[in-house]
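Undergrad:
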Amino acid sequence: MSASASFAPIHVRNPRTGERDYVIKPATPDEVASTADRLRMNQPAWLDLGLEKRIEALNAFADAVQDNRQAIFDALCADTGRVLITHIEIDNLRHMTDRMAGFARDLIKKEAARNSAVPTIMARTQLVPFPLVGIISPWNFPFLLGMIDSVPALLAGSAILYKPSEITPRHADPVRECFAQVPGLADVVDYAMGAGPTGEAVIDNTDAVCFTGSVRTGRIVAERAASNFIPAYLEMGGKDPAIVLESADLERTAQVLLRGSVAATGQACQSVERIYVARPLHDALVERLAELAANVTLNTEAPDKGHIGPLIFEKQLATIQSHIDDAVEKGATVHCGGKHVDNGGTWYPATVVSGVNHTMRIMTDETFGPVLPVMPFDSIEEAVELANDSRYGLSANVFAGSEEEGVEVGRRLNGGVISVNEASLSGSVHEFEQEPFNLSGLGRSRMGPAGVERFYRHKLILSDLSPEARNIDAYAEPATNA
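This note's numbering puts the first residue of the sequence shown at 829, with every later residue one more than the last.
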C-alpha cells in the first residue's frame, strides 16, 4: 500500500444498514505532529491551573455532554446500532469524573513534605504528569473507553491526543464540540482521525499511550512505544471463562450467563466466552441456556426494539462463523442460532453450543460475539485447569452454592477480576485496582487510584536539614597499622 493510499478518505459503514454513509479524512503524520506540538505548548498552562480548576473544567465538559446529549447519542447509535448501552456510555461520564477526581485529590496528598528514614533528610514527592498522552480507543464502546483514559489523564495535568477507532468515528465531532465549549480544556484536547498509520503517528508524537483493542494491534502499539521509550498502557482481548459448580443455582446461573455472554451482542472484552459446568448439571444447563437464548431478539426493526444489536465490525462475522463451523466440524452441537441474519446490516443470534473442547477455536480464540459454548468437567481441579488453559486473563466468573466456595475457586483462576455468582462485575465496580493476566493487558490498572496515578511520574526532592555539611573526610579510608 502506498503512503498516499494509507491516508485516503475512509468510508465508514453503518452497522444497521450496511451502507457506507460517513467519511473521515485520516490525519497524516505531519498533521499529527503539528497537532501534538500545539497541545504540548498549551499543556503547561493546563497544569498550572491546579487540580481543583481542572476538576471544574472536566465537570463543565460533563455538563456540555449532557447539553449536547442528543447529537452524541445519535452519532453513537449510528456507530454501534444500539440504544440502551449508548445511554449507559454517556451517563457514565459524570460518575467517572467524580470518582477519578476523588482519586486525584487523594494522590496529591503524597506531595506533602515528610521525614525520611534519615532523621536530617526531608522528602517531598512531586507528581509530574506526562505532557502529552495518546489515546487509541476501540470500536465496541467508542465513547466510554475513550473517556476512561482521557478523563484521568486530563485530571493529572496532561494534554491528550485522541484517536478513535475508524470503525466508529461519528461521535468524535459532537464530543469535540463539547470540549471546545470549556475554556482551557479546549486547548489541551484534540482528535486524530484515521486508521493504523495515524495511530502510529500518535504514538510517535506523545509521551505515553493508552490502547484498548486486540492483542495483535496491541503488540504493534507496545513495540512502537518501546522503540520510542514511552510507556504503553494496554487493555486487550479476553476469553473469559465461567465455572459452574454442582452447588450452583441452575436458574440464576443460566440467566446470568446468558446476559454475560450476549449483552452488547457479545462485543465486550469481559463477555463470558467459555462455560465449564459440573457434569451432573451439564445437560440441564445447556437445555435452559438454549431456551433462554432462543428468546433473545435482534433489533433489526429499530434500535430500541430488541435485546441485541448488530455486529459493529463487519469482519467480526467471519470470525464468529468460523468458530462455529470449526466446532461443528469437530463434533460440537449447535442448539440454537449458529447462522448470521442479513438484514442490510449484520446480525448474529444468541447461539448455544455443546460438545466442545480445547481443540476447537471456539474455546481458545476470542470470538467476540453472542456465543455460549458449554463444556462439562468432572472435578474442580479439572475446571480450574481448563479455565487457566488460555493465553488470555482479563477476568473470570465462578458460580457456586456459597460465596466462600466461589471465592476459593476464584483465588485459583488467572484473571484481573473474578466475579462470584455474577458475570463481569468489573463493569459495575470501579473503585478498586485490577490488572489483567497474560496477553489481556499490560501496565497499571485503569480502575482505582492507579487509573490517575499511571499518568504521573514521581519526582523525589530530598533536603538535607543537618546544620553542618558532610565534607570529604567522611569518605577517607581509615588509617591502618603497617
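Glycine is no exception: its CB is placed at the ideal position from the N, C-alpha and C atoms.
1) Return the CA-CA distance between V1248 and A1096, expressed in angstroms with no decimal places.
2) In terms of alpha-carbon separation, which member of A1160, R922, A1211 lies closest to Q894?
3) Do you know offhand how far D1001's Cα is from I900's?
4) When you compare only the Cα positions, how much space is there between A1029 and L983?
5) When the Cα atoms are used, what is the spatial distance from A1297 to S1252?
6) Please list, in chain order, all residues of the same chain as T925 whose beta carbon is under 7 Å from its beta carbon, the five residues on each side excluded.
7) Would you tell me roughly how many angstroms separate the C-alpha atoms of Y1303 and A945, rounded to the nearest one?
8) In chain order, what residues of the same chain lie with their CB nearer than 8 Å to the CB of P854, ignoring the 5 residues before and after it?
9) So who's on the other strand from S1223, going by DSSP bridges?
10) Is the distance from the Cβ of R998 to the Cβ of A903 below 8 Å?
11) Per DSSP, what are the beta-bridge partners of E1063 in this structure?
12) Can you give me the Cβ contacts of E1101 inside the same chain, cut-off strictly under 6 Å, excluding the 5 residues immediately before and after it?
13) T1161 bridges to which residues according to DSSP?
14) Given a threshold of 16 other Cβ atoms within 10 Å of its Cβ, counted over all protein chains shown, does S830 qualify as buried or as exposed?
15) Taking M1203 and I1103 to be in contact with their CB atoms under 8 Å, please state how far apart those CB atoms are, rounded to whole angstroms.
16) Going by the CB atoms, is the gap between V1049 and L1109 shorter than 8 Å?
17) Given that a residue counts as buried once 16 or more other Cβ atoms are within 10 Å of its Cβ, and exposed if not, what is E1051?
18) Looking only at its chain, what residues have a beta carbon closer than 8 Å to the beta carbon of I1289, apart from the 5 residues adjacent to it on each side?
19) Could you check what DSSP says for M1275 in three-state terms: helix, strand or coil?
20) Counting along the chain, where does the alpha helix (DSSP H) carrying T908 start and finish?
21) Measuring straight from C-alpha to C-alpha, what distance separates P872 and V1257?
22) Could you give the distance in angstroms between the alpha-carbon of V860 and the alpha-carbon of N1033?
23) So what does F971 bridge to, in DSSP terms?
24) Measuring CB atoms only, is the stretch 1264-1273 touching the stretch 1217-1227, in the sense that at least three cross pairs come out at less than 8 Å?
25) Considering Cα atoms alone, identify which of L935, N1216, G1238 is closest to G1279.
26) Using a 10 Å radius around the Cβ and a threshold of 16 neighbouring Cβ atoms, would you call N1299 buried or exposed?
27) Can you have a look at R1239 and say buried or exposed, based on whether 16 or more other CB atoms are within 10 angstroms of its CB?
28) What alpha helix (DSSP H) runs, 4 residues minimum, are completely inside the stretch 1110-1179?
29) In the stretch 952-1022, which residue ranges form an unbroken alpha helix (DSSP H) of at least 4 residues, counting only runs that do not cross its ends?
30) For D1292, which beta-bridge partners are listed by DSSP?
31) Pick helix, strand or coil for H923, following the three-state DSSP scheme.
TA: So, from the listed chains and residues:
1) Position 420 of the sequence shown, counted from the start, is the residue given in the question as residue 1248. Position 268 of the sequence shown, counted from the start, is the residue given in the question as residue 1096. Approximately 19 Å, taken between the alpha carbons.
2) The residue you call residue 894 lines up with position 66 of the sequence shown. Checking every option, the nearest Cα to that of Q894 belongs to R922.
3) In the sequence shown, residue 1001 corresponds to position 173, counting from 1. In the sequence shown, residue 900 corresponds to position 72, counting from 1. Rounded to the nearest angstrom, the two C-alpha atoms are 8 Å apart.
4) Here residue 1029 refers to the residue found at position 201 of the sequence shown. Here residue 983 refers to the residue found at position 155 of the sequence shown. Answer to the nearest angstrom: the Cα atoms are 24 Å apart.
5) Along the sequence shown, one-based indexing puts residue 1297 at 469. Along the sequence shown, one-based indexing puts residue 1252 at 424. The alpha-carbon atoms of A1297 and S1252 are separated by roughly 59 Å.
6) Reading the sequence shown from its first residue, position 97 is the one you call residue 925. Excluding five sequence positions before and after T925, the CB atoms of its chain that fall closer than 7 Å to its own CB belong to L886, N887, A890, V979, given in chain order.
7) As a first step, residue 1303 must be located in the sequence shown, where it is residue number 475. As a first step, residue 945 must be located in the sequence shown, where it is residue number 117. Cα atoms of Y1303 and A945: separation of roughly 21 Å, rounded to the nearest angstrom.
8) Here residue 854 refers to the residue found at position 26 when the sequence shown is read from its first residue. Same-chain partners within the cutoff: S834, F835, A836, P837, I838, E994, M1021, G1022, A1023, P1025, T1026.
9) Here residue 1223 corresponds to residue number 395 of the sequence shown, with the count starting at 1. V1245, per the DSSP bridge assignment.
10) Residue 998 sits at position 170 when you count from the first residue of the sequence shown. Residue 903 sits at position 75 when you count from the first residue of the sequence shown. With respect to A903, R998 sits close: the two C-beta atoms are nearer than 8 Å.
11) For the purposes of this step, residue 1063 is taken as residue 235 along the sequence shown, with counting starting at 1. E1063 is bridged to T1040, G1269.
12) Reading the sequence shown from its first residue, position 273 is the one you call residue 1101. Excluding residues up to 5 positions away in sequence, K1067, D1068, T1195 lie with their Cβ nearer than 6 Å to the Cβ of E1101 in the same chain.
13) The residue you call residue 1161 lines up with position 333 of the sequence shown. Bridge pairing for T1161: S1182 [DSSP].
14) In the sequence shown, residue 830 corresponds to position 2, counting from 1. Interpretation of S830 is limited by its pLDDT of 49, a score under 50 that renders its predicted location unreliable; the figure taken from the coordinates is listed afterwards. Its Cβ having fewer than 16 others within 10 Å, S830 is exposed.
15) Within the sequence shown, residue 1203 is the residue found at index 375, counting from 1. Within the sequence shown, residue 1103 is the residue found at index 275, counting from 1. Rounded to whole angstroms, the Cβ separation of M1203 and I1103 is 7 Å, and the two are in contact under 8 Å.
16) Numbered from its first residue, the sequence shown carries residue 1109 at position 281. Numbered from its first residue, the sequence shown carries residue 1049 at position 221. Taking 8 Å as the Cβ cut-off, L1109 and V1049 do not qualify as a contacting pair.
17) For the purposes of this step, residue 1051 is taken as residue 223 along the sequence shown, with counting starting at 1. Exposed: under 16 other Cβ atoms inside 10 Å.
18) The count along the sequence shown starts at 1 and reaches residue 1289 at position 461. Counting only residues of its own chain and dropping the five nearest sequence neighbours on each side, I1289 has a CB closer than 8 Å to the CB of A951, R952, T953, Q954.
19) Against the sequence shown, residue 1275 aligns to sequence position 447. When secondary structure is reduced to three states using DSSP, M1275 falls in the coil class, being assigned neither helix nor strand.
20) Counted from its first residue, the sequence shown places residue 908 at position 80. Taken as a continuous stretch (DSSP letters only), the alpha helix (DSSP H) holding T908 covers 897-908.
21) The sequence position of residue 872 within the sequence shown is 44, counting from 1. The sequence position of residue 1257 within the sequence shown is 429, counting from 1. Distance between the alpha carbons of P872 and V1257 is about 33 Å.
22) One-based indexing of the sequence shown puts residue 860 at position 32. One-based indexing of the sequence shown puts residue 1033 at position 205. About 8 Å.
23) As a first step, residue 971 is located in the sequence shown; it is residue number 143 there, counting from the start. Per DSSP, none; premise fails for F971.
24) The stretch 1264-1273 is in contact with the stretch 1217-1227.
25) On the sequence shown, position 451 is the one that residue 1279 refers to. Checked all of L935, N1216, G1238; the closest Cα to G1279 is L935.
26) As a working mapping, residue 1299 is identified with position 471 in the sequence shown. Flag for N1299 reads exposed.
27) Start at 1 with the first residue of the sequence shown, and residue 1239 comes out as number 411. Exposed, by the Cβ-count rule.
28) Whole alpha helix (DSSP H) segments, 4+ residues: 1144-1157.
29) You should have 972-984, 1000-1008.
30) If you number the sequence shown from 1, residue 1292 lands on position 464. Per DSSP, I949.
31) Counting from 1 along the sequence shown, the entry for residue 923 is found at position 95. In this structure, H923 counts as helix in the three-state DSSP scheme.
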